[in-house]
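Taking our numbering, I'd label the letters of the sequence shown as residues 35 to 69. All C-beta atoms, glycine included, are put in the ideal place defined by N, C-alpha and C. Below is one structure, written out as structure tokens; the observations come after it.
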Amino acid sequence: MPMDGIITIDGPVASGKSTVSRLLAKRLDFLYLDT
């Protein structure tokens, strides 16, 4: 089933946001975009 949407992750510097974001995107088959 396709899922449409945007997930944003915010937090302090060096808290693991990028790591968690990449893993979550891979698991949900979402595009990971770091801005």
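- A direct Cα-Cα distance of roughly 7 Å separates K51 from I43.
- The three-state secondary structure of L58, taken from DSSP, is helix.
- The alpha-carbon of R61 is positioned some 10 Å away from that of S55.
- If you check the CB distance, I40 and L58 do not come in under 8 Å.
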